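Engineer: Under this note's numbering, the first residue of the sequence shown is numbered 10, with each subsequent residue one higher. This is the structure I want to talk about, given as structure tokens.
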Amino acid sequence: MHPTSSADDVSAEVEVEDRELLMALTGTSSDRLRIFERTLGLSVGLRGETLLLQGDAGSVALAERVVSELLDVMSGGTVVQDVDVEGSIGLLRRHPEVKLRDVFAPIALSAGRGKQVCPRGLAQRHYVQAIRDDDVVFGVGPAGTGKTYLAMAMAVSCLLEQRVKRIILTRPAVEAGEKLGFLPGDMTDKVDPYLRPLYDALYDMLPAERAQTLIGRGTIEVAPLAFMRGRTLNDAFVILDEAQNTQVSQMRMFLTRIGLRSKAVITGDVTQVDLPGRTRSGLGDAVQLLSNVDGVRCCHFSSVDVVRHPLVRRIVEAYDGRDARAARHHPKSGHDDGDSDGDAAADATPGPQTTSTPE
């Protein structure tokens with residue numbers, strides 16, 4: 010259903026000479042045009058190679074700009090997804106000074122796959138820049154914001170460019186609300202289920218055979234956090250995933266393993282702590298303690314940065330809203346995660362001064 014028109018509406022036509030780009034932008038059966046209608050309150054149609062826009066002047070102008078800049082991004086080889094269309098509308102509405110070409114600029118090329126890895130939004134762009142500039146980076150925010158995926162892309166890029174000699178991927182072996190009981194097999198069999206998300210991201214960056222060869226040589230190591238104790242990690246790119254499930258002592262142990270010429274990226278969501286009882290989360294504690302330490306960058310993501318199915322963003326917002334209402338009525342309920350600014354960070358859109366997409 011098209012939005013109701015009014016006497017104050019204006020119309021505009023956007024002609025796209027490259028029909029392939031136009032079809033890629035509008036999607037199958039022009040279904041992406043409905044995104045413009047839903048998010049901007051426009052009436053949008055397609056006649057031949059011309060987009061027809063009708064609505065209030067501000068929305069029409071924004072739609073024209075989004076179309077123009079997305080076509081520019083796509084002409085450079087970047088594949089635009091449904092979530093990118095909706096995200097680009099929101100991004101340019103909030104930050105009109107931003108250029109989409111700068112945001113979607115590729116950061117890496119998946120070895121052997123020929124697929125560009127690009128930030129999907131301003132928060133992801135700031136996150137990538139933080140990883141380039143600083144040796145310890147925290148990526149904190151809801152699932153689906155690209156924290157682990159982009160960290161993996163940067164790690165593989167650094168390895169292929171010989172800026173590090175190895176990649177170490179780790180996460181705490183904490184069950185997500187279920188007691189799995191005895192697990193059969195050797196140590197690898199027991200911990201692999203906890204580390205599977207890291208393998209998934211790795212295999213999306215490298216062909217499986219090459220990844221397995223690098224793992225066999227020890228160039229890429231995937232291990233539970235407990236195996237980090239007592240080590241010094243030099244010339245390494247280290248990713249600690251699901252860090253909200255570290256205890257304070259574990260986080261301290263991990264951060265003090267970082268050696269010379271190394272980078273560490275710590276990712277997690279302080280709203281999904283699976284530690285027992287009121288155990289303090291090492292992630293929230295570290296973000297609070299280290300956010301002003303030189304060389305450490307804390308990047309916060311929120312629901313507007315979700316780059317999975319658009320419904321995931323709305324689901325995150327629904328849970329965040331309920332948690333915020335509960336916090337107002339019961340301010341001391343829930344986990345003591347030590348993240349004094351966690352709630353604020355979940356609602357804030359990160360800006361350049363506080364550097365903050367598929368995971």
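In this text, a Cβ means the ideal position worked out from N, Cα and C, and glycines have one as well. Note that the structure is a prediction, hence the values are computed from the model and not measured.
What separation, rounded to the nearest whole angstrom, lies between the Cα atoms of S290 and D278?
Structural biologist: So the alpha carbons of these two residues sit roughly 10 Å apart.
Engineer: Could you tell me which residues DSSP pairs with S52 in its beta bridges?
Structural biologist: DSSP lists Q63 as partners of S52.
Engineer: Could you tell me the distance, in whole angstroms, from the CA atom of I369 to the CA atom of V76?
Structural biologist: Since the displayed the chain opens at 10 and closes at 368, residue 369 lies outside it and no answer follows.
Engineer: What does the alpha-carbon distance come out to for the pair E170 and L249?
Structural biologist: The straight-line gap from Cα to Cα measures roughly 22 Å.
Engineer: Rounding to the nearest angstrom, what Cα-Cα distance links A120 and P216 in this structure?
Structural biologist: The predicted position of A120 is uncertain, since its pLDDT is 47 and thus under 50; no value can be drawn from it.
Engineer: Looking at C-alpha atoms only, which residue of A220, V107 and T280 is the closest neighbour of D332?
Structural biologist: Of A220, V107 and T280, the residue nearest in Cα terms is T280.
Engineer: Can you tell me the Cα-Cα spacing of L30 and G150, whole angstroms?
Structural biologist: In a straight line, the C-alpha of L30 is about 33 Å away from that of G150.
Engineer: Please report the straight-line C-alpha distance between T228 and I177, rounded to a whole angstrom.
Structural biologist: The alpha-carbon atoms of T228 and I177 are separated by roughly 8 Å.
Engineer: Would a C-beta distance cut-off of 9 Å place T157 and P206 closer than the cut-off?
Structural biologist: For T157 and P206, yes; Cβs fall inside 9 Å.
Engineer: Counting C-beta neighbours from all protein chains within 10 Å, is the total for E22 16 or more, i.e. buried, or is it exposed?
Structural biologist: Flag for E22 reads exposed.
Engineer: Short check: CB of R74 to CB of L101, under 9 Å?
Structural biologist: Yes, the pair counts as a contact, with Cβ atoms nearer than the cut-off.
Engineer: With the cut-off set at 9 Å, would you say L71 and L55 are in Cβ contact?
Structural biologist: Going by C-beta atoms, L71 is not nearer than 9 Å to L55.
Engineer: Give the range of the beta strand (DSSP E) segment to which V88 is assigned.
Structural biologist: Note, V88: premise wrong, no beta strand (DSSP E); not H, not E.
Engineer: How many whole angstroms separate the CB atoms of F45 and V82, which I take to be in contact at a CB cut-off of 8 Å?
Structural biologist: Contact flag wrong, Cβ pair sits at about 16 Å.
Engineer: Can you check whether the CB of P181 is closer than 9 Å to the CB of A245?
Structural biologist: Taking 9 Å as the Cβ cut-off, A245 and P181 do not qualify as a contacting pair.
Engineer: C307 and V325 - do their beta-carbons sit closer together than 9 Å?
Structural biologist: Not closer than 9 Å, so no.
Engineer: Please list the terminal residues of the continuous beta strand (DSSP E) segment that includes S20.
Structural biologist: Start and end: V19 to E24.
Engineer: Could you check the C-alpha separation between R28 and R103 for me, to the nearest Å?
Structural biologist: About 30 Å.
Engineer: So which of T222, E218, T265 and Q253 has the shortest CA-CA distance to G239?
Structural biologist: The candidate whose alpha carbon is nearest that of G239 is T265.
Engineer: When the Cα of L292 is compared with those of G286, D329, E106 and V274, which residue comes out closest?
Structural biologist: L292 has its Cα closest to that of V274, out of G286, D329, E106 and V274.
Engineer: Tell me the rounded alpha-carbon separation between A210 and V126.
Structural biologist: Roughly 12 Å separates the two Cα atoms.
Engineer: In chain order, which beta strand (DSSP E) runs of at least 3 residues are fully inside the stretch 125–156?
Structural biologist: Those beta strand (DSSP E) runs which fall completely within the stretch 125–156 and span 3+ residues are 145–149.
Engineer: Between E58, L51, Q138 and D143, which lies nearest to A66 when the distance is taken from Cα to Cα?
Structural biologist: Selected option, being the one with the closest Cα: L51.
Engineer: Which class does S290 belong to by DSSP, given the choice of helix, strand or coil?
Structural biologist: Of the three classes helix, strand and coil, the one that applies to S290 here is strand, per DSSP.
Engineer: Quick check on the burial criterion: 16 or more other C-beta atoms within 10 angstroms. Buried or exposed for H309?
Structural biologist: By the 10 Å Cβ count, H309 comes out buried.
Engineer: Return yes when the Cβ of G153 is within less than 9 Å of the Cβ of R323, no when it is not.
Structural biologist: In this structure, G153 does not lie closer than 9 Å to R323 by Cβ.
Engineer: Using three-state DSSP, classify G99 as helix, strand or coil.
Structural biologist: Of the three classes helix, strand and coil, the one that applies to G99 here is helix, per DSSP.
Engineer: Taking the beta carbon of T276 as the centre, do at least 16 other beta carbons fall within 10 Å, making it buried, or is it exposed?
Structural biologist: Buried: at least 16 other Cβ atoms inside 10 Å.
Engineer: Alpha carbon to alpha carbon, how far is L298 from V257? Give it in angstroms, no decimals.
Structural biologist: Taking the straight line from one Cα to the other gives about 11 Å.
Engineer: Which partner residues does G330 have in the DSSP bridge list?
Structural biologist: The partner list for G330 (beta bridge, DSSP) is empty, contrary to what the question assumes.
Engineer: Under the three-state reduction of DSSP, which class applies to R28: helix, strand or coil?
Structural biologist: Helix, per DSSP.
Engineer: Going by other Cβ atoms of all chains shown within 10 Å of its Cβ, with 16 needed for buried, is V231 buried or exposed?
Structural biologist: It counts as buried.
Engineer: Under three-state DSSP, which class holds H338?
Structural biologist: Here H338 sits in helix by DSSP.
Engineer: What residues are listed by DSSP as bridge partners for H309?
Structural biologist: According to DSSP, which records beta bridges pairwise, H309 is partnered with V149.
Engineer: Alpha carbon to alpha carbon, what distance is there between S311 and S68?
Structural biologist: Distance between the alpha carbons of S68 and S311: 24 Å.
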